[in-house]
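**Student:** Residue numbers (this note's numbering): 13 to 631. By construction, the Cβ of each residue, glycine as well, lies at the ideal position given by its N, Cα and C atoms. The structure that follows is given in the form of structure tokens.
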Ligand SMILES: Cc1cc2nc3c(=O)[nH]c(=O)nc-3n(C[C@H](O)[C@H](O)[C@H](O)COP(=O)(O)OP(=O)(O)OC[C@H]3O[C@@H](n4cnc5c(N)ncnc54)[C@H](O)[C@@H]3O)c2cc1C
Ligand code: SF4
Ligand code: SF4
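Next comes the structure, spelled out in structure tokens:
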């Protein structure tokens with residue numbers, strides 16, 4: 013606490029023209045296009061309104077320790093990226109490769125532990141019986157073709173961290189904008205339905221946010237335009253959603269936890285760089301997977317654990333370890349070495365998750381603005397492109413000397429966005445995944461139907477709140493583990509203060525992971541590899557359990573079970589405990605919390621802006 017008698021320091025304020033939140037692909041698109049215009053010598057300079065006499069003042073704040081700390085696949089057609097960088101050649105960007113070969117594998121269950129419907133088991137048995145006649149190889153069947161909506165022909169495999177570092181280099185080289193990593197934005201300065209800038213997070217506080225001796229209140233950065241690109245679980249975007257409400261019929265209900273490994277492939281691996289493998293079927297039918305090959309015998313491989321997967325023990329890391337050991341993948345990965353690991357949420361509501369995109373003094377771009385396409389499994393290029401569209405609109409307004417009002421931004425930005433391929437394809441994809449609410453087969457069929465009818469037809473209905481999609485343990489393991497045994501496992505784990513996921517997966521027949529210290533390592537070891545664990549002191553915790561009594565009464569505790577980093581563990585008094593040092597800011601605990609408050613969409617876990625998190629620049 014502050015020394016008695018000493019006055020708390022005043023909150024500093026600064027005025028800029030454009031304040032930006034987050035540096036991911038969306039902001040890279042915005043700043044690439046804007047900075048080029050500001051640096052252009054053949055066009056009139058654009059003066060600052062905030063600092064008369066100076067050029068336009070543009071400042072971007074990024075929460076993570078570095079600009080290259082994203083987590084993604086990434087395979088992309090790169091249409092928007094290529095339009096911005098027409099001469100882009102993969103050799104310019106570390107770990108980039110042109111897409112060379114694509115395939116989709118249906119993975120059978122070689123261990124017999126995944127929860128498969130009767131129909132799926134029958135299909136698996138038929139494939140096993142037909143063997144090579146059905147194309148069965150290493151317990152997998154390759155689809156005869158890659159569906160048109162999924163293919164990325166002509167595109168690139170990237171590492172998001174490396175791509176962001178490269179793009180940040182291009183942007184900063186113009187000398188026209190500033191990018192500040194390690195600087196989380198606490199909130200937008202909301203004034204009625206307008207945004208007047210941002211407030212940075214307080215520093216020199218304890219875990220509960222109480223000022224200490226080194227207290228430094230977060231600065232207020234006022235701006236004519238605030239650009240929000242804080243991704244799927246960003247605190248600023250969610251603040252605006254709450255303050256302004258979502259447009260009619262829109263909501264955030266579909267999510268996935270994406271988790272990946274970056275692997276040094278063994279010398280025996282014959283997969284050429286640019287190989288793209290999509291998978292479905294294992295470790296659980298609901299879990300999609302991928303393996304992309306970068307140059308230099310390095311691969312990215314990972315899984316997506318979606319919100320429609322009803323299991324309350326959806327531990328991504330253990331599932332990821334079973335995934336890489338599937339024979340169809342292990343034949344390439346076995347003997348490899350883990351370089352790093354990463355996890356992050358994906359907002360899969362697509363266009364239906366689109367918030368108010370622009371208003372007086374603000375605009376939203378990227379995944380948090382509903383740009384991710386759930387049919388094509390593509391988010392990076394869409395996010396980048398919405399950033400470019402906003403920049404073009406902003407340049408138009410700046411050159412005409414018109415203010416950033418809701419009407420002007422709608423005319424300059426939304427008109428461009430609505431007329432673009434991002435919008436057109438987003439509409440086709442809008443209901444493409446609804447079928448997954450009824451099961452995997454109808455989900456896959458629904459995607460094909462949506463693609464074939466350009467979005468006119470779809471299967472199924474909209475998703476329930478993710479909290480309501482989670483089954484109880486007894487429901488999920490019905491017929492496999494008796495309720496009495498579940499109760500015993502629960503009480504045993506509770507008495508030892510451990511999550512349930514490992515014990516339940518062991519009991520459901522998942523084999524122990526043969527840790528080899530090379531590719532198969534404990535998650536706690538993986539946390540220390542390839543990146544930086546930096547939960548800087550002096551910041552408040554960013555994961556908060558709002559009402560302890562709701563946690564105490566919570567039987568599913570999915571926040572504990574999904575956090576394979578073990579940043580959230582069972583707490584002593586029935587309220588989970590949070591360890592910031594282990595948190596990777598994946599955001600999965602936010603959308604997994606089953607404690608819905610007062611019948612609203614809000615949940616009992618608050619995910620605020622915070623510093624730190626382990627992500628390697630290779631992710
Ligand atoms: C495992 C995985 C695999 C994927 N594979 C693919 C793929 O193959 N192809 C594809 O196209 N897409 C893929 N995606 C999706 C893709 O990564 C996203 O759609 C894309 O990154 C969205 O870009 P964005 O700029 O909108 O948001 P983000 O990339 O999320 O960037 C937002 C940035 O804002 C920062 N931020 C958040 N809050 C604050 C704050 N309060 N203050 C300051 N900064 C803040 C974050 O740290 C982050 O850097 C994948 C995602 C995952 C997780
Ligand atoms: S945070 Fe949510 S999921 Fe976790 S124990 Fe509390 S109510 Fe349950
Ligand atoms: S506590 Fe951190 S690591 Fe764990 S689920 Fe939440 S955001 Fe992810």
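1) Which of the three DSSP states, helix, strand or coil, is assigned to residue 320?
2) Quick check on the burial criterion: 16 or more other C-beta atoms within 10 angstroms. Buried or exposed for residue 146?
3) Just to confirm the assignment: which complete alpha helix (DSSP H) runs, minimum length 4, are found wholly within the stretch 445-530?
4) Buried or exposed: where does residue 99 fall if 16 or more other Cβ atoms within 10 Å of its Cβ makes it buried?
5) When you compare each of 386, 102 and 374 to residue 360 by their alpha carbons, which one comes out closest?
6) Judging by CA-CA distance, which residue of 78, 95 and 80 is the nearest neighbour of residue 398?
7) Which value, in whole angstroms, describes the spacing of the CA atoms of residue 193 and residue 233?
8) List the whole-angstrom C-beta distance separating residue 369 from residue 303, where the pair is believed to meet the contact cut-off of C-beta under 8 Å.
9) Rounded to a whole number of angstroms, what is the C-alpha to C-alpha distance between residue 220 and residue 588?
10) Drop a sphere of 10 angstroms on the beta-carbon of residue 117, count the other beta-carbons inside from all chains shown, and report buried for 16 or more, exposed for fewer.
11) Are residue 288 and residue 111 touching if we call contact CB-CB under 8 Å?
12) For the alpha helix (DSSP H) that residue 397 lies in, which residues bound it at each end?
13) Please say whether residue 410 and residue 189 have beta carbons closer to each other than 8 Å?
14) How many angstroms separate the CA atom of residue 510 from the CA atom of residue 424?
15) Output the boundary residues of the beta strand (DSSP E) element that contains residue 238.
16) Considering just the uninterrupted stretch of the alpha helix (DSSP H) at residue 39, what are its terminal residues?
17) Beta carbon of residue 314, beta carbon of residue 332: below 8 Å?
18) How should residue 569 be labelled, buried or exposed, when 16 other C-beta atoms within 10 angstroms of its C-beta is the threshold for buried?
19) Who are residue 290's beta bridge partners in DSSP?
20) According to DSSP, is residue 245 helix, strand or coil?
21) What residues match up with residue 203 in a beta bridge as DSSP calls it?
22) Assuming residue 246 and residue 34 make a contact with CB atoms under 8 Å, what is their CB distance in whole Å?
23) Looking at the secondary structure, which residues open and close the beta strand (DSSP E) in which residue 352 lies?
24) Beta-carbon separation of residue 244 and residue 380 under 8 Å?
25) By Cβ distance, which residues of its chain are closer than 6 Å to residue 230, with the 5 residues on each side in sequence left out?
26) Looking at C-beta atoms only, is the number of pairs between the stretch 168-176 and the stretch 292-307 that lie closer than 8 Å three or more?
27) Residue ranges of each beta strand (DSSP E) run of no fewer than 3 residues wholly in the stretch 64-110, ordered along the chain?
28) Assuming residue 389 is part of the beta strand (DSSP E), what are its boundary residues?
29) Hey, is residue 271 close to ligand 1, as in C-beta under 7 Å from one of its heavy atoms?
30) Can you look up residue 190 in the DSSP assignment and give me helix, strand or coil?
31) For a test of your reading of the model: does the CB of residue 597 fall under 7 Å from any non-hydrogen atom of ligand 3? Yes or no.
32) Taking only heavy atoms of ligand 1 into account, decide whether any of them is closer than 7 Å to the Cβ of residue 78.
33) Anyone know if the C-beta pair for residue 558 and residue 616 falls short of 8 Å?
34) Using C-beta distances below 7 Å, list every residue in its chain close to residue 393, excluding the 5 sequence neighbours before and after it, in chain order.
35) Measuring only the C-alpha atoms, how far is residue 240 from residue 374?
36) Label residue 465 either buried or exposed according to how many other C-beta atoms from any shown protein chain fall within 10 Å of its C-beta, with 16 as the threshold for buried.
**Tutor:** Looking at the atomic coordinates:
1) Start at 1 with the first residue of the chain shown, and residue 320 comes out as number 308. Look at residue 320 here: in three-state DSSP terms it is coil, with no helix or strand label.
2) Residue numbering aside, residue 146 sits at position 134 when the chain shown is read from its first letter. Using a 10 angstroms sphere on the CB of residue 146, the tally of other CB atoms stays under 16, which defines it as exposed.
3) Within the stretch 445-530, the complete alpha helix (DSSP H) segments of 4 residues or longer fall at 452-464, 478-481, 485-488, 495-508 and 513-519, listed in chain order.
4) One-based indexing of the chain shown puts residue 99 at position 87. Its Cβ having fewer than 16 others within 10 Å, residue 99 is exposed.
5) Start at 1 with the first residue of the chain shown, and residue 360 comes out as number 348. Comparing C-alpha distances from residue 360 to each of 386, 102 and 374 shows the shortest one belongs to 386.
6) Here residue 398 refers to the residue found at position 386 of the chain shown. When each option's Cα is compared against that of residue 398, the closest is 95.
7) Here residue 193 corresponds to residue number 181 of the chain shown, with the count starting at 1. Here residue 233 corresponds to residue number 221 of the chain shown, with the count starting at 1. If you take the alpha carbons of residue 193 and residue 233, they lie about 16 Å apart.
8) In the chain shown, counting from the first residue as 1, residue 369 sits at position 357. In the chain shown, counting from the first residue as 1, residue 303 sits at position 291. In fact, because the Cβ distance is near 35 Å, the residues do not count as touching under 8 Å.
9) Sequence index remark: in the chain shown, residue 220 carries index 208 (1-based). Sequence index remark: in the chain shown, residue 588 carries index 576 (1-based). Those two C-alpha atoms are separated by around 15 Å.
10) Along the chain shown, read from residue 1 onward, the residue named residue 117 stands at position 105. By the Cβ-count criterion, residue 117 is buried, with 16 or more other Cβ atoms from all chains shown falling within 10 Å of its own Cβ.
11) In the chain shown, residue 288 corresponds to position 276, counting from 1. In the chain shown, residue 111 corresponds to position 99, counting from 1. With respect to residue 111, residue 288 sits close: the two C-beta atoms are nearer than 8 Å.
12) Stepping through the chain shown from its first residue, residue 397 is reached at position 385. Residue 397 -> alpha helix (DSSP H) spans 392-412.
13) Along the chain shown, read from residue 1 onward, the residue named residue 189 stands at position 177. Along the chain shown, read from residue 1 onward, the residue named residue 410 stands at position 398. Going by C-beta atoms, residue 189 is not nearer than 8 Å to residue 410.
14) By one-based count along the chain shown, residue 510 stands at place 498. By one-based count along the chain shown, residue 424 stands at place 412. When the Cα atoms are used, residue 510 and residue 424 turn out to be separated by approximately 53 Å.
15) To locate residue 238, count along the chain shown from 1; it is residue 226. Looking at the DSSP string, the run of the beta strand (DSSP E) that includes residue 238 is 232-240.
16) Counting from one through the chain shown, the residue named residue 39 turns up at place 27. Bounds of the alpha helix (DSSP H) holding residue 39 are 37-51.
17) Reading the chain shown from its first residue, position 302 is the one you call residue 314. Reading the chain shown from its first residue, position 320 is the one you call residue 332. In this structure, residue 314 sits near residue 332, with a CB-CB distance shorter than 8 Å.
18) Here residue 569 corresponds to residue number 557 of the chain shown, with the count starting at 1. Buried, because 16 or more other Cβ atoms sit within 10 Å of the Cβ of residue 569.
19) Numbered from 1 along the chain shown, position 278 holds the residue referred to as residue 290. Answer is 116 and 302, bridged to residue 290.
20) Within the chain shown, numbered from 1, the residue matching residue 245 stands at position 233. For residue 245, the secondary structure class from DSSP, reduced to helix, strand or coil, is coil.
21) As a position in the chain shown, residue 203 is number 191, starting the count at 1. For residue 203, which the question treats as bridged, DSSP gives the partners 206.
22) Here residue 246 refers to the residue found at position 234 of the chain shown. Here residue 34 refers to the residue found at position 22 of the chain shown. Confirmed, about 6 Å.
23) Position 340 of the chain shown, counted from the first residue, corresponds to residue 352. 349-359 is the extent of the beta strand (DSSP E) around residue 352.
24) What you label residue 244 is simply residue 232 of the chain shown in a count that begins at 1. What you label residue 380 is simply residue 368 of the chain shown in a count that begins at 1. Cβ atoms of residue 244 and residue 380: closer than 8 Å.
25) As a working mapping, residue 230 is identified with position 218 in the chain shown. 198, 211, 212, 213 and 214, listed in sequence order.
26) They touch, by the three-pair rule.
27) Counting only runs of 3 or more, we get 70-73.
28) Residue mapping note: residue 389 aligns to position 377 of the chain shown, counting from 1. Counting along the chain, residue 389 sits inside no beta strand (DSSP E), nor does DSSP assign it H or E at all.
29) As a working note, residue 271 is residue 259 in the chain shown. Judged by the Cβ position, residue 271 qualifies as a neighbour of ligand 1 at the 7 Å threshold, a heavy atom of the ligand being closer than this.
30) In the chain shown, the residue the question calls residue 190 occupies position 178. In the structure shown, residue 190 adopts extended strand secondary structure according to DSSP, grouped into three states.
31) Residue mapping note: residue 597 aligns to position 585 of the chain shown, counting from 1. Taken from the Cβ of residue 597, at least one heavy atom of ligand 3 lies inside 7 Å.
32) Mapped onto the chain shown, residue 78 falls at position 66. With a cutoff of 7 Å, residue 78 does not count as near ligand 1, since its C-beta is closer than that to no heavy atom of the ligand.
33) Taking the first residue of the chain shown as position 1, residue 558 is located at position 546. Taking the first residue of the chain shown as position 1, residue 616 is located at position 604. Residue 558 is a Cβ neighbour of residue 616, given a cutoff of 8 Å.
34) Reading the chain shown from its first residue, position 381 is the one you call residue 393. The residues are 88, 89, 90, 91, 92 and 93.
35) The residue given as residue 240 occupies position 228 in the chain shown. The residue given as residue 374 occupies position 362 in the chain shown. Rounded to the nearest angstrom, the two C-alpha atoms are 7 Å apart.
36) As a working note, residue 465 is residue 453 in the chain shown. Exposed.
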